[in-house]
Structures are given as structure tokens and as C-alpha cells.
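Here's the structure, in C-alpha cells; my notes come after.
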Amino acid sequence: MKFQNDLILRAARGEDIERYPVWLMRQAGRILPEYRAVRASLSGFKELVETPERAAEVTVQPVDILGVDAAIIFSDILVVPEAMGLEYQLIEKKGPWFEKTIKTEEDLIFAATDFDIEDKLSYVLEAIKIANKEIDGRVPLIGFAGAPWTIFCYMTEGQGSKTFSVARKILYTNPTLAHELLNRITNVTIKYLKAQINAGAHMLQVFDSWAGILGDEQYAEFGLKYMDKIAAAITEVPLTLFAKGAPSSLSNLGEMNCNTIGIDWNTNITDARRIVGENRTLQGNLDPCALYSSHSEVERLTNNMLNSFESKRHIVNLGHGVYPDVDPEKVKTFIKTVKNYEIKY
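Here it is, written out as C-alpha cells:
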């Protein structure tokens, strides 16, 4: 497919670029009044995710309004456990809630793998198709999924947590169950990502939001092993792996079959480049809170970050998702600064 702007795909593949591409995690919604208007017309976030036409609409909004170099499909990582048999709710100001959780082998009936992924998650795939029609080749569309460890946390804990001690307890008390569930999540996630490619996703990202709550040894065993399995299976489009809060995993991620490695704002870009090497693209990593600064300060901090890059193999983003109360005009300043920046390499 020909794009009017394919910067992000070229950067991911290590090809020549005339400027750094820029997009934001959680750009599809949150900060835009236009997104809030769409959401207010529905019962809530989950209905928005499950209504393809509206999900596609808010997917395209950042392309139209902010001028980002990629769209990312509006969805949620928790659609995977729900497809497997664990229904979830999103409770206002509290976050996700699962009435049932997986604590024993008997509970694995709620972690099914033998189902038609394109049927169960048809609403996401339809949203991808509709969004691509509306984008009309202007920029690529990114698909995504949560990493197995992060999904495991929600399926066992049943809600968000500061420690995820219930999930971590299983790693010590029943590692066999942990690996069985992680394997199931991984197999379903691979099918889901491939379905997104078939629906029209031009690039994929796997988010391990809770990577940082495990020590190195446990993350290697219960996190990275399954990220690697996903990376090995996805060969059709560029793939980004993002393990938040786990800088010690960078060398492992750099050895996986991925194009891009996301780095959070606590990770030094120079160190990340030294560890990962020249054959992977880095993505990140401005502190999301930097966007609360004045416009001039946002410009200065963004330029400082850009000056720290040591190659063209970089996709500009925040070190995690944009916060919902950030002024969209500050986001535009961030994006404009990146677009005006002259690459030195």
C-alpha cells in the first residue's frame, strides 16, 4: 500500500527518513474534546470500544487534529481476556473490574483458546477496516495488544493494583499454573495480532505495562519468554515491544525479532542505544508530565530529547501514554517541535 506519509514504517525498518516520525501512546482519545463528545454520546468507554464506527472515528481524530504520523486503533488490552472467557467492566474512576479471576487450574475454563478470534473480536477488526478507509492512506495504522504478563496480572488479580501481589504470588506458589495461563494468553494474542494484520494494521505494538513490578529473573521467566514467542510469530509487519519500567530487559528485547523497542521516560536514551545497538529502532521517551509545562518549555525539553538521539532509528513518542488532563495545544507544540527539528545524522 502507498502512503502519503510512511515515515514511521521507514524509521521502524531502519530506512532513510527526512525527519523523525511522531505519535503518542493513548492519543486516540483522552485529551481531545472531540473524543469526549463521542464518548458522551454512548454509555461509556467499553461501548465505544465495541462500536466499530465510533472507535474508528476517535482513532482518526488525532490524525486530523494533532497531525501525528500514525493512527493507533482505539481499543483496550482487556478485550483479549474477555474473548477468552473473563468478562470485565470498566468502573468510572476505578478502572477495570473482573468478577471472576483465575486462581486455580479449575479456573482455566475462563481462559479458553479454542475459539474463532475473528468472530469474538470482530468489532476491533471492523474498526480497523473502517479507520483505514477514513485515513485513506494518509498515515499507517498501528494495531496493538497487551503483553502476556500484563494480561496475566488482570486475569488473576481482577483489577488494577499497585503491587499485583496476587498475580506475583502465583509465580511462587503455582508456577505450573502461571506458565499454562501465560501460554494460553500468548497463543490467543498471536492469533489476535495476525487478525489485526489481516484487517489492515500496518504496524503492531505489544505493551507490557506491568513489566517493572517483577525482578529480572522472574521477568525473564514469566514475561520475556512470552514476548519472544510473540515476536517470533509476527513477521508480516513492523513490531514494537514496550516493557515499561524494565530497563534491564533492553538487551533481551534487542535480541528478539522486533523492529522497534519502546523506552519509558526513566530510561536514558544514550544508554538504551548502547545496549540495544544500531539494528533496532528506539521509540520514546519524553516524560508525559513535561506536557504540563509552558509551550516554550515543552519545546525546549523536546529539543533536548531530540538532541540526545544518536541515529535516525528513532520514533518520537512519550515515555508512556499522554495524561487525560494535558492541554491539546501543548501536544501540538510537542509535535510541531519534532516536525521542525533537523536531523543531524
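Numbering (the working numbering), first residue to last: 3 to 347. In this text, a Cβ means the ideal position worked out from N, Cα and C, and glycines have one as well.
Coil, strand or helix - Ala57 by DSSP: helix
Taking only the alpha-carbon atoms, compute the straight-line gap between Gln198 and Leu110 and give it to the nearest angstrom. 25 Å
Contained beta strand (DSSP E) runs [length at least 3] in the region 248-328, N- to C-terminal order: 262-264, 283-288 and 316-320
If you reduce the DSSP assignment to three classes, tell me which class Tyr221 lands in. helix
Can you tell me which residues form a DSSP beta bridge with Leu26? Looking at the DSSP assignment, Leu26 forms no beta bridge with any residue, so it has no partner.
Contacting residues, own chain, Cβ-Cβ under 6 Å from Ala292 (five flanking each side not counted): Leu303
Residues in its own chain within less than 7 Å of Ala58 by CB, not counting five upstream and five downstream? Ala129, Ile132, Ala133 and Glu136
Which residues bound the alpha helix (DSSP H) around Pro98? First-last for Pro98: Gly97 to Phe100, but that is the beta strand (DSSP E), not the alpha helix (DSSP H).
Neighbour-count burial assignment, Ile93, 16 or more Cβ in a 10 Å radius: exposed
Would DSSP call Ile345 helix, strand or coil? coil
Would you identify the three-state DSSP class for Gln6, choosing helix, strand or coil? coil
So Tyr156 and Glu52 are supposed to be a Cβ contact under 8 Å. How far apart are they, rounded? Contact doesn't hold; Cβ gap of about 18 Å is too wide.
Taking Cβ to Cβ, would you say Asn261 is nearer than 8 Å to Thr283? yes
Are the CB atoms of Leu143 and Ile75 within a distance shorter than 8 Å? yes
Where does Val208 sit, in a helix, a strand or coil, going by DSSP? strand
If distances are taken between C-alpha atoms only, which option among Tyr194, Val190 and Glu101 comes closest to Thr158? Glu101
Per DSSP, cross-strand counterpart(s) of Ile93: Gly97
Tell whether a beta-carbon distance below 8 Å holds between Gly286 and Gly256. no
The alpha helix (DSSP H) spanning Leu183 covers which residue range? Pro177 to Ala201
Check whether the Cβ atoms of Tyr221 and Ala203 sit closer than 8 Å, and answer yes or no. no
Sort Glu219, Lys122 and Glu17 by Cα distance to Leu88 and report the nearest one. Lys122
What whole-angstrom Cβ distance do Pro7 and Arg140 have, given they're in contact under 8 Å? In the sequence as displayed, the identity of residue 7 is Asn instead of Pro. That belief holds up - the Cβ atoms of Asn7 and Arg140 are roughly 6 Å apart, short of 8 Å.
How big is the Cα-Cα spacing for Trp212 and Asp329? 27 Å
Distance check for Val300 and Ala73, CA to CA, integer angstroms please. 22 Å
Neighbour-count burial assignment, Ala42, 16 or more Cβ in a 10 Å radius: exposed
Given 8 Å, three or more beta-carbon pairs between the region 179-186 and the region 232-250: no
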